[in-house]
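Worksheet: the structure to be examined is printed underneath.
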Ligand code: CP3
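Structure below.
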């Protein structure tokens, strides 16, 4: 099979699920699977010195991407990078200092927006794309490589505030005060995301995920213009250049609009842990896959509570295309053996 198909697509179970096939047991990966719960990540991170150095040094980004694959044999590897490398490349100066969240130079009005690059300078992301090529070359044929970007609203929320904020108030205020500015910022991010995701696919990413982590902060009337519309534009833009592209959309906190997110053209919808999975999948068209939903707190806790929670996800997803995953990123205090227990239980399904 692999001989006839050098890209190994047939062997990549996540890709098959994203194509609408109900592969069973479902393939598994974990959001933030390369991260601070892994001792080997902490060691490489200490060696690198800074988080951005880790992101922009191809050999190091490759190493940390592969660490969870070596340890657990996940069915998917996600590129080690960050959604904030896009604003960084545009000129907003991303950094992550010890003990603090991410920081950017705030972009709060038209003049500050005009000081950024007018489109994504892809050459500034060359090290990330180099990492994608190295990772694909190093991965087992059956492992799906996922690229990603942040959805425009989520990235804009960090750009306007210059940091993470609990309710995305600065960006919501900007959208109200100066809708033209917000539209222009979102438009820049749509164009940049299309170029970035296409470049990742060209470098070897098998599929890509769009993280709308702060979708839940949007009032109803802003979901269409600031989230659904821009995501649909990215999906369409990527498919213009790569018609078969498999795209996962993760609209965290938007259980109320899952069918609308599916209508953006997504191949798969990520489901957070606050959403009833059975109800969520009933809202999706049959060909659109689902992903996620296991509560990261239950993975942290482990034991029989974890077993029951894994079974509940499996029961709700049985018979349909589903990628086993968490409802959000893994918590850094999670014991490594809990992850092994989860994977073993999924694979025994
Ligand atoms: O999932 C993976 O393993 C791939 C790598 C990845 C990271 N960030 C690495 C990272 C991915 C896919 C992201 C996406 C990302 N980054 C999102 C969307 C997903 C989500 O969590 O909702 C967001 C909102 C960001 C922005 C960001 N980057 C934040 C809020 C932080 C601080 C988080 C924290 O827990 O302190 C980061 C830094 C970051 N990105 C870390 C990692 C492993 C921690 C870095 C460290 O301290 O070593």
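In UniProt numbering, the protein residues as written are 1 to 349. Idealized CB from N, CA, C, for every residue including glycine. Every value quoted in this text rests on a predicted model; they were computed, and no experiment measured them.
- [ ] State buried or exposed for residue 67, treating a residue as buried only when at least 16 other CB atoms are found within 10 Å of its CB.
- [x] On the chain shown, residue 67 is found 67 positions in, with the first residue counted as 1. So residue 67 ends up on the buried side.
Open item on the list: For residue 333 and residue 30, what's the separation of their Cα atoms in angstroms?
Closed with: Stepping through the chain shown from its first residue, residue 333 is reached at position 333. Stepping through the chain shown from its first residue, residue 30 is reached at position 30. Cα to Cα, the separation comes out at about 15 Å.
Open item on the list: Rounded to the nearest angstrom, what separates residue 182 and residue 268 at their Cα positions?
Closed with: On the chain shown, position 182 is the one that residue 182 refers to. On the chain shown, position 268 is the one that residue 268 refers to. Near 27 Å, if we compare the C-alpha coordinates of residue 268 and residue 182.
Open item on the list: By alpha-carbon positions, which one of 288, 100, 312 and 302 ends up nearest to residue 330?
Closed with: Here residue 330 refers to the residue found at position 330 of the chain shown. Out of 288, 100, 312 and 302, 302 has the C-alpha closest to the C-alpha of residue 330.
Open item on the list: At a cut-off of 6 Å, would you count residue 99 as near ligand 3, judging by its Cβ distance to the nearest heavy atom?
Closed with: Annotation note on ligand 3: not contained in the displayed structure, which lists ligand 1 as its ligands.
Task: Secondary structure of residue 181, DSSP reduced to three states - done: As a first step, residue 181 is located in the chain shown; it is residue number 181 there, counting from the start. Residue 181: helix per DSSP, three-state reduction.
Open item on the list: Taking only three categories from DSSP, how would you classify residue 127?
Closed with: As a position in the chain shown, residue 127 is number 127, starting the count at 1. Looking at residue 127 - three-state DSSP - the assignment turns out to be helix.
- [ ] List in chain order: all unbroken alpha helix (DSSP H) runs of 4+ residues lying wholly within the region 196 to 247.
- [x] 220 to 223 and 229 to 241
TODO: For residue 336, count neighbouring C-beta atoms within 10 Å of its own C-beta (all shown protein chains included) and say buried if the count is 16 or more, exposed if not.
DONE: Locating residue 336 in the chain shown gives position 336, where the first residue counts as 1. Exposed.
Open item on the list: I want to check one thing, is the minimum distance from the CB of residue 415 to the heavy atoms of ligand 1 below 6 Å?
Closed with: Residue 415 falls outside the range modelled here, since the chain spans only 1 to 349, and no answer is possible.
TODO: Closer than 6 Å by C-beta to residue 150: which residues in its own chain qualify, once you throw out the five before and the five after it? Chain order, please.
DONE: Reading the chain shown from its first residue, position 150 is the one you call residue 150. Only 83 and 211 meet the Cβ criterion.
TODO: Return yes when at least one heavy atom of ligand 1 lies under 6 Å from the C-beta of residue 113, else no.
DONE: As a first step, residue 113 is located in the chain shown; it is residue number 113 there, counting from the start. Every heavy atom of ligand 1 is 6 Å or more from the Cβ of residue 113, so no.
Task: Closest residue to residue 127 among 23, 200 and 231 (Cα-Cα distance) - done: If you number the chain shown from 1, residue 127 lands on position 127. It is 200 whose Cα lies nearest to the Cα of residue 127.
TODO: Find out if the Cβ-Cβ distance for the pair residue 254, residue 213 is shorter than 7 Å.
DONE: Looking up residue 254 in the chain shown gives position 254. Looking up residue 213 in the chain shown gives position 213. In this structure, residue 213 does not lie closer than 7 Å to residue 254 by Cβ.
Task: For residue 13, the nearest candidate out of 102, 111, 238 and 145 (CA to CA) - done: Taking the first residue of the chain shown as 1, we reach residue 13 at position 13. Minimum Cα distance to residue 13 is reached at 145.
- [ ] For the beta strand (DSSP E) containing residue 343, list its first residue and its last residue.
- [x] Translated into positions along the chain shown, residue 343 becomes position 343. Segment 336 to 347 is the alpha helix (DSSP H) holding residue 343; no beta strand (DSSP E) there.
Open item on the list: Is residue 248 close to ligand 1? I mean its beta-carbon at under 6 Å from any heavy atom of the ligand.
Closed with: Taking the chain shown and counting its residues from 1, the one referred to as residue 248 is at position 248. Outside the cutoff, so no.
Task: 7 Å Cβ cutoff met for residue 263 and residue 271 - done: Looking up residue 263 in the chain shown gives position 263. Looking up residue 271 in the chain shown gives position 271. For residue 263 and residue 271, no; Cβs fall outside 7 Å.
- [ ] Out of 55, 107, 62 and 25, point me to the one whose CA is closest to residue 348's CA.
- [x] The residue given as residue 348 occupies position 348 in the chain shown. When each option's Cα is compared against that of residue 348, the closest is 25.
Task: Beta-bridge pairing of residue 265 - partner residues as DSSP gives them - done: Here residue 265 refers to the residue found at position 265 when the chain shown is read from its first residue. Looking at the DSSP assignment, residue 265 forms no beta bridge with any residue, so it has no partner.
TODO: May I ask you to report which of helix, strand or coil DSSP gives residue 291?
DONE: To locate residue 291, count along the chain shown from 1; it is residue 291. Residue 291 falls in the strand class under three-state DSSP.
- [ ] Decide if residue 73 is buried, meaning its Cβ has at least 16 other Cβ atoms within 10 Å, or exposed.
- [x] To locate residue 73, count along the chain shown from 1; it is residue 73. That one is exposed.
Task: Residue ranges of each beta strand (DSSP E) within the region 64 to 102, 3 or longer - done: 76 to 78
TODO: Have a look at the DSSP bridge pairing and note the partners of residue 163.
DONE: By one-based count along the chain shown, residue 163 stands at place 163. 103.
Open item on the list: Report the CB separation of residue 235 from residue 265 in whole angstroms; it is logged as a contact under 8 Å.
Closed with: For the purposes of this step, residue 235 is taken as residue 235 along the chain shown, with counting starting at 1. For the purposes of this step, residue 265 is taken as residue 265 along the chain shown, with counting starting at 1. Yes, they are in contact, since the Cβ atoms of residue 235 and residue 265 sit about 4 Å apart, within 8 Å.
Task: Sequence-distant residues of its chain with Cβ nearer than 7 Å to residue 122 (five each side left out) - done: By 1-based counting over the chain shown, the position of residue 122 is 122. Closer than 7 Å at Cβ, skipping near neighbours: 195 and 199.
Open item on the list: So if DSSP puts residue 362 in a beta bridge, which residue, or which two residues, is it bridged to?
Closed with: Residue numbering for the chain in the displayed model covers 1 to 349; residue 362 lies beyond these limits and cannot be assessed.
Task: Counterpart residues of residue 251 in DSSP-defined beta bridges - done: On the chain shown, position 251 is the one that residue 251 refers to. According to DSSP, residue 251 bridges with 212.
- [ ] Could you tell me whether any non-hydrogen atom of ligand 1 is closer than 6 Å to the CB of residue 369?
- [x] Since the displayed the chain opens at 1 and closes at 349, residue 369 lies outside it and no answer follows.
Task: Integer Cβ distance of residue 358 from residue 91, believed to fall under 8 Å - done: Limits of the chain in this structure are 1 at one end and 349 at the other, which puts residue 358 out of reach.
- [ ] Check whether the Cβ of residue 31 lies closer than 6 Å to any heavy atom of ligand 1, and answer yes or no.
- [x] Walking along the chain shown from the start, residue 31 turns up at place 31. Correct: residue 31 has its Cβ closer than 6 Å to ligand 1.
Task: Any non-hydrogen atom of ligand 1 closer than 6 Å to residue 83 Cβ - done: For the purposes of this step, residue 83 is identified with residue 83 of the chain shown, where counting begins at 1. Answer for residue 83: yes, Cβ within range of ligand 1.
- [ ] Under 8 Å by Cβ, that's how I've got residue 169 and residue 101 pegged, so tell me the actual separation to the nearest angstrom.
- [x] The residue given as residue 169 occupies position 169 in the chain shown. The residue given as residue 101 occupies position 101 in the chain shown. Their Cβ separation, rounded to whole angstroms, is 15 Å, which puts residue 169 and residue 101 out of contact at 8 Å.
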